[in-house]
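Under the numbering used here, the letters of the sequence shown match residues 214 to 687, in that order.
A virtual CB, placed ideally from N, CA and C, is assigned to each residue, including glycine.
For clarity, every value in this text was computed on a predicted model and none was experimentally measured.
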Amino acid sequence: MNRTVDLVVIGAGPAGSNAALIAARAGLSVVLMDEQPSAGGQVWRAPWPGLNGRFSSTEARQGDALRARLAGSAVDIRLGRRVWSITNGFRIDAVGPDGNECFLAPRLIAATGAYERVVPFPGWTLPGVIGLAAATVLLKSHAVLPGRRTIVAGCGPLLPAVAAGIEKLGGEVAAVVDLSAPWEWLKAAPDLATRPELLSRGIGWGLKLLTKRIPVHFRHAVKCAEGVERVERVTLAPVDAAGAPVAAGQVVIEADALCVGHGLVPGAEVTKLLRARHIYDRLRGGWIPEVDGFGRTSVPGLFAVGDGAGIRGAAPAEIAGEIAGLTAAHEGGSIGHQEFADGAGQLCKRLRSLDRFSDAAASLMALRPAQVASIPPNAVVCRCEDVTRAEINEAYDAGARDANQLKHFTRCGMGPCQGRMCGDIAAELLAQRVGSRPTVGHWTGRPPLRPVALDELIGAFSYDDIPIPEPAPL
214 MNRTVDLVVI GAGPAGSNAA LIAARAGLSV VLMDEQPSAG GQVWRAPWPG
264 LNGRFSSTEA RQGDALRARL AGSAVDIRLG RRVWSITNGF RIDAVGPDGN
314 ECFLAPRLIA ATGAYERVVP FPGWTLPGVI GLAAATVLLK SHAVLPGRRT
364 IVAGCGPLLP AVAAGIEKLG GEVAAVVDLS APWEWLKAAP DLATRPELLS
414 RGIGWGLKLL TKRIPVHFRH AVKCAEGVER VERVTLAPVD AAGAPVAAGQ
464 VVIEADALCV GHGLVPGAEV TKLLRARHIY DRLRGGWIPE VDGFGRTSVP
514 GLFAVGDGAG IRGAAPAEIA GEIAGLTAAH EGGSIGHQEF ADGAGQLCKR
564 LRSLDRFSDA AASLMALRPA QVASIPPNAV VCRCEDVTRA EINEAYDAGA
614 RDANQLKHFT RCGMGPCQGR MCGDIAAELL AQRVGSRPTV GHWTGRPPLR
664 PVALDELIGA FSYDDIPIPE PAPL
């Protein structure tokens, strides 16, 4: 199926959904695609069918409201679609429940969200060790606990959120392990207070942990996880302000689950694939597309919004999506200049008002280079290809000086996840040897954007369908 529309939006989270709604309301024909079975993204993920009554929260209500707006709109919503190829122009190829689909559009909005970052440690590949974001999927969508006795570790606002979610479902939190010190949270408090509703929610999570007398290990990190067939115990170690371990004070805690995360990495595969310009911004999660105030990249017609264009959070993503949708409608001739200027001006002002909160939250999740430097040689960095820290060091010694050379030398990033779980850390390790993170760069985007089974691409056919050319004359 080939179909031409005015705009394709990839990603049905807060940014993409709002971009699609605004553009469709202005009169554009819009296709909204997402790999998940329902809109909402990670933050507004819909509960599994039949579990709706188990969830009652602000985020659940916001997600339901968004899905209702989409259902009542003119947006062509295509869920359960895996976009695997995009070419300039734009041609978007995807596979879904009905087989192959192809859309052609002069404008494309990439709202592909972010991936969680886990700084490797020995044992992080054991069953029972999952990311903080993965834990939120279990808790929000399925009402499933990560384990009977869980340690929650890492940094940033997801720590208390996941711990409180486990307690809410009746699970046991053995400990919360925070890279940050209490004074770092206090330092961020004035900026976090610019969003009082979110700050009060976070304080509520903290008070819940306090009343349950859950141990909180500030300025600590996971040193290793151990077990035979799954995680059984976790060793914690104190760290300094840069994230490097200090000599004494290790703690061993028994647990059958470990939820761990060290911030987020922008999902910028689409903009990398289409060769848009990117910049390195440690606060915003790493390599992000260079965009103007309206979400436009260096590639004409290509927009990038939401956490895929830099980690800022759900509320800024909503507004950035609306700005991009309005801009696409203006460029497509659906709205006049004055209407665009008035609407975009108000939205940009609202977006700027959220900067202090998003900067403070992002700073608590920013990658700590000393923590990466302390990864031991035997720790696996690339899970798909079993590439260790030692092999990355050997690649540098053999002459690898940028991310693509590292990939060539080690196969790091060539597995099913295509570098989403390891690319950020592997490049950071190489950069610490080279001496410059921007110099190392990022892996070149190539199709397929997602692993796709060959039979999905081929579809149903019989050998009678294969054209046989006439024999060549003798």
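Residues that residue i bridges to, as DSSP identifies them
i, result
"E467", "R446"
"A307", "V296 and E314"
"P479", "A327"
"P458", "V452"
"D391", "G367 and F431"
"C630", "According to DSSP, which records beta bridges pairwise, C630 is partnered with nothing at all."
"E385", "R362"
"I322", "V222 and F516"
"R659", "Answer by DSSP bridge pairing: none, since R659 is not bridged."
"R216", "F316"
"I290", "L245"
"V473", "G344 and A366"
"C437", "T448"
"R258", "Answer is none; R258 lacks a bridge partner."
"R274", "Answer is none; R274 lacks a bridge partner."
For residue i, the nearest candidate out of the options (CA to CA)
i, options, result
"F303", "R565, F316, S511 and L371", "F316"
"I322", "P335, D520, G285 and I364", "D520"
"G341", "V444, G508, M634 and V483", "V444"
"G360", "I416, L351 and Q275", "L351"
"G384", "A470, G415 and A318", "A470"
"T510", "R274, I532 and H491", "H491"
"L662", "G240, I235 and E248", "E248"
"V221", "V653, F516, D615 and R633", "F516"
"A457", "E482, E669, F334 and R408", "F334"
"R659", "T300, A394, G276 and R362", "T300"
"V452", "D494, A394 and A401", "A394"
"I605", "R596, F622 and C597", "F622"
"Q463", "V473, A450, H475 and C472", "A450"
"V288", "G538, L405 and L371", "G538"
"G369", "T363, W418 and L392", "L392"
"A273", "S286, A281, A348 and R258", "R258"
"V512", "I681, S571 and T484", "T484"
"D277", "A461, S251 and Q645", "S251"
"D494", "Q551, V429 and D572", "D572"
Alpha carbon of residue i to alpha carbon of residue j, nearest angstrom
i, j, result
"G336", "P310", "37 Å"
"A502", "A685", "For the sequence presented, residue 502 should be read as Pro rather than Ala. Using only the alpha carbons, I get a separation of about 51 Å."
"F465", "A374", "Strictly speaking, residue 465 in this sequence is Val, with Phe absent from that position. Their Cα atoms are separated by approximately 23 Å."
"N617", "V653", "9 Å"
"M634", "T540", "33 Å"
"V504", "A522", "8 Å"
"S230", "Q631", "26 Å"
"D677", "E669", "19 Å"
"A574", "N215", "42 Å"
"S242", "Y609", "49 Å"
"N591", "A527", "37 Å"
"S413", "A377", "14 Å"
"S587", "G628", "25 Å"
"Q692", "I343", "Because the chain is modelled from 214 through 687, residue 692 falls outside the range shown and cannot be assessed."
"A455", "G648", "17 Å"
"R650", "E410", "36 Å"
"A236", "D219", "9 Å"
"A611", "L642", "15 Å"
"I548", "R565", "24 Å"
"L580", "G326", "18 Å"
"G312", "V665", "12 Å"
"V256", "C437", "29 Å"
"A530", "E683", "57 Å"
Distance CB(residue i)-CB(residue j) smaller than 9 Å
i, j, result
"V365", "V390", "yes"
"A284", "R294", "no"
"E439", "R446", "yes"
"V594", "A639", "yes"
"P260", "A346", "no"
"A324", "I305", "no"
"L477", "E380", "no"
"G498", "M578", "yes"
"L422", "V386", "yes"
"I532", "G506", "no"
"E544", "G514", "yes"
"L567", "R362", "no"
"E598", "C625", "yes"
"L405", "G415", "yes"
Short CB-CB distance (under 9 Å) between residue i and chain B
i, result
"N215", "The structure shown contains no chain B; it holds only a single protein chain."
Cβ-heavy atom distance, residue i to the ligand ATP, below 8 Å
i, result
"Q275", "The ligand ATP is not part of this structure, which contains no ligands at all."
Quick check for students: name the residue ranges of the alpha helix (DSSP H) that lie wholly in the stretch 481-505, counting only runs of 4 or more.
Qualifying alpha helix (DSSP H) stretches, in chain order: 482-486.
Where in the stretch 327-363 do unbroken runs of the alpha helix (DSSP H), each at least 4 residues long, occur, reported from the N-terminal end onward?
Within the stretch 327-363, the complete alpha helix (DSSP H) runs of at least 4 residues are 345-350.
Can you list the alpha helix (DSSP H) stretches of 4 or more residues lying completely in the stretch 540-609, in chain order?
Qualifying alpha helix (DSSP H) stretches, in chain order: 550-565, 568-578 and 582-586.
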